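Okay, so here's the structure we're looking at.
Residue numbers (this note's numbering), protein chains in the order written: chain A, 88 to 385; chain B, 962 to 1249; chain C, 4 to 262.
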């Protein structure tokens, strides 16, 4: 009775170990494939060509700059809206709302987080862009602004949930100490609770940035898909094109193995690296975990 | 010591401040309700038996969306079958078996990075590895594999959280009466973590069902004469269908567009609802 | 009085992974069928010592345990507790442990009791039920739960839960029972019940107890060892050590001059 059990125990332990290492394997695989399909782009197109400002692959113009800038403009625009609204909403839910209100608001925000982005893009196309067109007197409503507005809607749920969790984790004793010194709840929020939750809130914002930069369908559907370099203030109301939209729109039409094909993979590498940097930043802020030994002996 | 501001003034600041916060929260939340209500309002008229179970006709302008529904269903199911064992297995390893060292740290970092990769990059990866290199072609299998890798980090992190929530004292007690590591995991830790694990899996699948970019180059086609006959066939899918009929088909009736959006929404939010129910029922029945 | 020894440790030293020494050179003979008490102020190494005896310290990040610890089993064999290839699951069934906070598994009362036996491979329903019966009576809990064995164990009171934990260990018919401050969270009546059942249990088992007060130590001990900051200061029969301690530090602690 003993021996078979020991054998199956080590079998299962081994199997579980295999699963554990598979995560590393997949990251390596992804990196490898992106590089192997994207690297030829560097040899086929000179690096200085990438830094040009014209993206017109049909005539061999592979300037990535307008795409990078497009992603940047739309993301920054989204964050300007999403961070204040998201953070303030999180503060409201965590610190001010009654438990019943909290029970309603939290699931509601999570609901928005689960929305398929194509549905938001669809609504943006049919409704939001019409409003933008009318209010700003533009030829179409497809612009960087429309994209930024919708992206804010995508980023807000992430920012709200994670910030709210971070605020909830602040020990009650901090608040009690502040109130006991005569501060109001309002003052406690801004001087004690929020600073204590700083790292969690920063993580939330980083993840919001990640979601905004990585979003494809929404920007594909409402930003007008015209790769243009910024021209001052009117950038926002002009159409634009992001890196993600470029990949999605053009991948279906390229010949396998062509230069255009390799360049699209190259853009994928750029995206991968950008989100990698953001995630590394975010993970350095993540709360520390107790080591298993501490948990056992305590 | 005389305070600089009178209590009355500080209270007024607080009341104004709270009012402002409440306003912002409403601004953030009302659109959610409005969106759902609007889609239901405009899409419900399109929902008929023929719409849900019929095939499209007249270049998608009329008829039903059954093949898209079936496609999304199969993609999601196959994705679940692939990702669940890997994700839960990896999480069990990290939570219960992995030593606290550099290797384990690097695995966790790898997972966090996987989680942040844009869905379109997963689509590229799926194209390169599954469609081209493994020669699966544009197929349900390639699409499901791509979706599975995309969903993997979410499943691993939520499962690990669920496992860690089980009190350590249970494990110590179990080992102290002579149970092995695996017996402890199988008989106590996993059963107690199960509701949390299921919630995580369902929420991960919810995202997989609604994403367009990963299946764009790996599984989805706009039109199929019939239903796919094997996993090596391409398929129609709801998110992709909605994308195409709202951007590339002239003369499309808004009703059908809203109807398609509504069906997708029901599919996705239905999963959300199931997950929420599982989570709250488990919380009530917890024995610790 | 020539009493058989149950557990003998020689020069036991335990070092944590960060270098701090938790136990320094512990040599102790634990006699069979008696209550041996390990007492002393917090941080003395008593809990660590207990966890070596059932190899529970394997679960934590311990750098090194050196020395020797031997179990004189009822079957006649001598078990080297620290041997790396020792079957620890079997050891833990022979050396049971009760913890300071009652930890009942999230199952029914009956399942809590049969858990260890089922993990060992026991499937026979009769033997399982017999174990449930026997262990509950030995832990003085039978009368209070005999009608609700299939109810969740969390529904029991604190004192009942702790007696259930004792019963859970007894179900495996161990040779040694280790108890780490078993009554620290309990009211005086439950404490009294536990102490009374220990006096009965010692006839069939060897008991090593870390008490939560000097008074409990004095009430319960047949033999007592005074631990101070990882060292064994004094070890003597209970009647002697609490009335005439031979070492000054022991006397100081017993009389409350520090703690």
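Note that beta-carbon positions come from the ideal geometry of N, C-alpha and C, so glycine has one too. Fair warning: this is a prediction, and the values are worked out from it, not measured in the lab.
Under DSSP, the beta-bridge partners assigned to residue 1196(B) are 1181(B). DSSP places residue 972(B) inside the alpha helix (DSSP H), whose first and last residues are 968-1004. Residue 99(C) carries a strand assignment under DSSP once its states are collapsed to helix, strand and coil. The DSSP-derived three-state label of residue 183(C) is strand. Distance from the Cα of residue 257(A) is smallest, within the candidate group 173(A), 278(A), 198(A) and 225(A), for 278(A). Here the alpha carbons of residue 1009(B) and residue 997(B) stand approximately 19 angstroms from one another. Of the candidates 989(B), 1027(B) and 1023(B), the residue whose Cα lies closest to the Cα of residue 1013(B) is 1027(B).
Excluding residues up to 5 positions away in sequence, 32 and 73 lie with their Cβ nearer than 6 angstroms to the Cβ of residue 11(C) in the same chain. Cβ-Cβ separation between residue 1139(B) and residue 123(C): approximately 6 angstroms, consistent with a contact (criterion under 8 angstroms). Taking every protein chain shown into account, the CB of residue 49(C) has 16 or more other CB atoms within 10 angstroms, so this residue is buried. Interface with chain B (7 angstroms Cβ-Cβ cutoff): residue 59(C) is included. By the criterion of a C-beta distance shorter than 7 angstroms, residue 205(A) is surrounded in its chain by 304, once the five residues flanking it on both sides are discounted. Residue environment: residue 185(C) is assigned as buried (16 or more neighbouring CB atoms within 10 Å of its CB, all protein chains considered).
With distances taken between CA atoms, residue 1188(B) lies nearest to 1029(B) out of 1005(B), 1227(B), 1029(B) and 1067(B). Taking a cut-off of 8 angstroms on C-beta distances, the stretch 975-992 of chain B touches the stretch 190-200 of chain A, as three or more cross pairs fall below it.
With its beta carbon at least 7 angstroms from every one in chain C, residue 1064(B) lies outside the interface.
With respect to residue 356(A), residue 201(A) sits apart: the two C-beta atoms are not nearer than 7 angstroms. When only Cα atoms are considered, residue 204(C) and residue 1157(B) end up about 42 angstroms apart. Taking a contact as a CB-CB distance under 8 angstroms, the pair residue 1109(B) and residue 1176(B) does not count as one, their CB atoms being some 12 angstroms apart.
Residue 1074(B) places its beta carbon 7 angstroms or farther from that of residue 312(A). Uninterrupted beta strand (DSSP E) stretches at least 3 residues long and entirely within the stretch 11-47 of chain C occur at 24-34 and 38-42, given in chain order.
Rounded to the nearest whole angstrom, the C-alpha separation of residue 1195(B) and residue 1017(B) is 17 angstroms. Within chain A, no C-beta atom comes nearer than 9 angstroms to that of residue 1096(B); the closest sits roughly 12 angstroms away.
Here the C-alpha atom of residue 1141(B) lies approximately 27 angstroms from the C-alpha atom of residue 26(C).
Bounds of any beta strand (DSSP E) do not take in residue 1211(B), whose DSSP letter is neither H nor E. The three-state reading of DSSP puts residue 1191(B) in coil, since its state is none of H, G, I, E or B. Judged by beta-carbon spacing, residue 154(A) lies within the 7 angstroms limit of residue 330(A), meaning their Cβ atoms are closer than that value.
Residue 225(C) is a Cβ neighbour of residue 38(C), given a cutoff of 7 angstroms. Residue range 209-213 is occupied by the beta strand (DSSP E) that includes residue 209(C).
The C-beta distance from residue 250(A) to residue 287(A) rounds to 7 angstroms, short enough to meet the 8 angstroms contact threshold.
The DSSP assignment places 259-267 and 272-275 as complete runs of the alpha helix (DSSP H) inside the stretch 256-288 of chain A, in order along the chain (cut-off: 4 residues). Among the CB atoms of chain C, none fall inside 7 angstroms of the CB of residue 1182(B). Taken through DSSP and simplified to helix, strand or coil, residue 325(A) comes out as coil. The beta-carbon of residue 1137(B) is placed less than 7 angstroms from the nearest beta-carbon of chain C. From the beta-carbon of residue 158(A), no residue of chain B is found nearer than 9 angstroms; the closest lies around 10 angstroms away. Contact between residue 159(C) and residue 152(C) fails: their C-beta atoms lie close to 11 angstroms from each other, not under 8 angstroms.
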